[in-house]
Amino acid sequence: MAMQQYQTVRFKLNGRDVERTVDVRASLTDMLRNDYRMTSVKKGCEVGECGACTVIIDGEAFNSCIYLAVWAEGKSITTLEGLLGPNGELSDIQQAFVEEAAIQCGFCTPGFILTAWEILESGKEYTDEQLRKLLSGHLCRCTGYENILRAVKKTMYRRLGKEV
Amino acid sequence: MYDMKALYQAKDVADAVSLRLQHPEAHIIAGGSDVLVQMREGKRAGVELISIYGLDELRGVTMEDDGTIRIGSLTSFSHITKDPIIQQYINVLGEAVDQVGGPQIRNIGTIGGNTCNGVTSADSASTLHAWDAIVELTGPNGVRRLPIHEFYIKAGKVDIREGEIQTGILVKKEDYIDTYGHYIKYAMRNAMDIATLGTSVNVRLSADKKTVERARIAFGVAGPVPLRARTAEALAAGKPVSMELAEAFAKAVKEDINPRDSWRAAKDFRMHIAVESAKRAFIESVKLAGGEL
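Those sequence lines, one after another, are chains A and B.
For the first sequence, the residue numbers in the numbering used here are 1 to 164.
For the second sequence, the residue numbers in the numbering used here are 1001 to 1293.
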């Protein structure tokens, strides 16, 4: 067997500077779950199809299961834990998921919420068709997607100061 | 954990070339949305990897002094779609790569990776063929440039030589100026699917918009590598814009394509959708160019 190879990775995790020495074979999902206990980052398909492992890297949504942990060097990464307020308050998009019953088992929820966060941060108004396309990198086996779409749409309109 | 033997991370292009020479058996990884998935599947298990993902110098779209558009090989699909130069001059490329996988895949997947894996179904490939794009490779002897149709050797095999990495994709001014195109991806699902057939058409019309000066068409999945339908192109050149021309152009693609039977679709079905897609993409391209039919 080849010699194990390690590398120190410095990055910003949910606004805080962090540093850890990791096995170069680790995926970003592995590092976030095992070294930082960010358990909102789910291991689903592990091949970039289901979206359950989605995190925000420098403002864009990525599947952390097909991303080398060492690529995090110098990046700013946000997981669902990073959306909470200082006293554990839910963010607007999380609250909307509760209100619209956009959750059942909850496995896909962190990923959906982070992709929704990227959509909402653009500050743009999207049609239903555009939102469906922007959310299409996630699989949900419980809710049938309609409630999820409604939660994202509601938050989009709230942020834009418009009526749904 | 991925099953890899070793990881070498390139610091810049020169370092990547030197790593390629030092580790000729190693696989190059750009965004990893193919390589890491194949590693999980066991197809590339236990290999050495050279990561070029960190080379920011290979990201972005720029206009060179002679009007050539340069797309850095590591530019992600989503950045190509959002790029103002692409939107102004080769909008169809931004639209084509906006149909790859899903949103997160389009944030990690690169145009260099999409072409270097040599797959006929790649959503960028047919459009790049239809626009006569040039592939730029950098290796131990400097920079080498070749037309994209020469870059593809056979299914899954492209012309990357010892020590080389792909550093850019170029489209010359004569190939994009006053040219308008449309891409149709035929797939079973709207997202996270691979094209059953990809059709990319572009046209340039005369100043009065009545005559087709040049029409180009390329397909993905109509053969083992992306290919042009030259018979249809020759037929349309210099002809007056009309619905009859759209029909004739579409029928002529059958002379040049050779799709296969696969679990995704039968050969006959691919032939059928190739003709229909060619017609629709031609009509849409003519409309975008300001023509009426």
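Don't be surprised by glycine CBs; every beta carbon is placed ideally from N, CA and C.
- Put simply, the CB of A1229 of chain B is far from chain A, with every gap to its CB atoms at 8 Å or more.
- Closest in alpha carbon position to I113 of chain A, among A:R37, A:A52 and A:Y6, is A:A52.
- Proximity of T115 of chain A to chain B, defined by a Cβ-Cβ separation below 8 Å, is satisfied.
- For R1040 of chain B, the residues of chain A that pass the 7 Å Cβ criterion are E46 and V47, in the order they occur in the chain.
- The continuous alpha helix (DSSP H) containing L1245 of chain B extends over residues M1243 to A1252.
- For a Cβ distance threshold of 9 Å, nothing in chain A lies close to I1169 of chain B: the least Cβ distance comes to about 22 Å.
- Annotation: I56 of chain A has no Cβ neighbours in chain B at a cutoff of 8 Å; minimum Cβ distance is about 10 Å.
- Pairing D30 of chain A with R20 of chain A gives a Cβ-Cβ distance that is not under 8 Å.
- A residue is called buried once 16 or more other Cβ atoms fall within 10 Å of its Cβ, and V1143 of chain B, having fewer, is exposed.
- Taking 8 Å as the threshold, the shortest C-beta distance from A102 of chain A to chain B does not fall below it.
- The beta carbons of F62 of chain A and N1107 of chain B sit closer together than 8 Å.
- Exposure of W1263 of chain B is indicated by the presence of fewer than 16 other C-beta atoms within 10 angstroms of its C-beta.
- Distance from the CA atom of R1280 of chain B to the CA atom of Q1166 of chain B, rounded to whole angstroms, is 33 Å.
- Contact check between the region 1136-1153 of chain B and the region 1093-1108 of chain B: fewer than three CB pairs, one atom from each, fall below 8 Å, which does not count as touching.
- Residue contact check for G1060 of chain B against chain A: no CB pair falls below 8 Å.
- The bridge partners DSSP lists for N1202 of chain B are B:G1181 and B:R1216.
- By the Cβ-count criterion, G1112 of chain B is buried, with 16 or more other Cβ atoms from all chains shown falling within 10 Å of its own Cβ.
- Nearest in C-alpha terms to I77 of chain A, of all of A:Q7, A:V164, A:Q104 and A:L28, is A:L28.
- Close to L134 of chain A, with beta-carbon spacing below 7 Å, are these residues of chain B in chain order: P1103.
- Residues of chain A whose Cβ lies closer than 8 Å to the Cβ of A1191 of chain B are, in chain order, K133, S136 and G137.
- Every alpha helix (DSSP H) of 4 residues or more that sits fully in the region 1073-1107 of chain B is shown, in chain order, as 1077-1082, 1084-1089 and 1091-1097.
- Between A1265 of chain B and T1196 of chain B a beta carbon distance of about 5 Å is seen, short of the 8 Å cut, so the two are scored as contacting.
- G1220 of chain B is classed as buried because its beta carbon has at least 16 other beta carbons within 10 Å across all chains shown.
- Bridge partners of E1136 of chain B according to DSSP: B:R1145 and B:G1168.
- With a threshold of 8 Å between beta carbons, N14 of chain A makes no contact with chain B.
- Distance from the CA of I1153 of chain B to the CA of G82 of chain A, rounded to the nearest whole angstrom, comes to 47 Å.
- Rounded to whole angstroms, the gap between the alpha carbons of P1240 of chain B and S1033 of chain B is 44 Å.
- Taking a contact to require three or more Cβ pairs closer than 8 Å, the region 137-146 of chain A and the region 1014-1032 of chain B do not qualify as touching.
- Note: Q7 of chain A is bridge-paired with A:V22 in the DSSP secondary-structure output.
- For the region 22-39 of chain A, the beta-carbon criterion of a distance under 8 Å to any beta-carbon of chain B is satisfied by D23, V24, R25, A26, S27 and D30.
- Between the C-alpha atoms of T1127 of chain B and I1028 of chain B there is a straight-line separation of about 24 Å.
- Per DSSP, reduced to three states, the secondary structure at Y1152 of chain B is strand.
- In the DSSP secondary-structure assignment, V55 of chain A is bridged to A:F62.
- By the Cβ test, the region 1180-1196 of chain B is in contact with the region 1116-1125 of chain B, since at least three Cβ pairs between them sit closer than 8 Å.
- Counting other Cβ atoms within 10 Å of its Cβ, L1205 of chain B reaches 16 or more and is therefore classed as buried.
- In terms of Cα proximity to A1237 of chain B, the closest of B:N1202, B:R1189, B:A1026 and B:V1225 is B:N1202.
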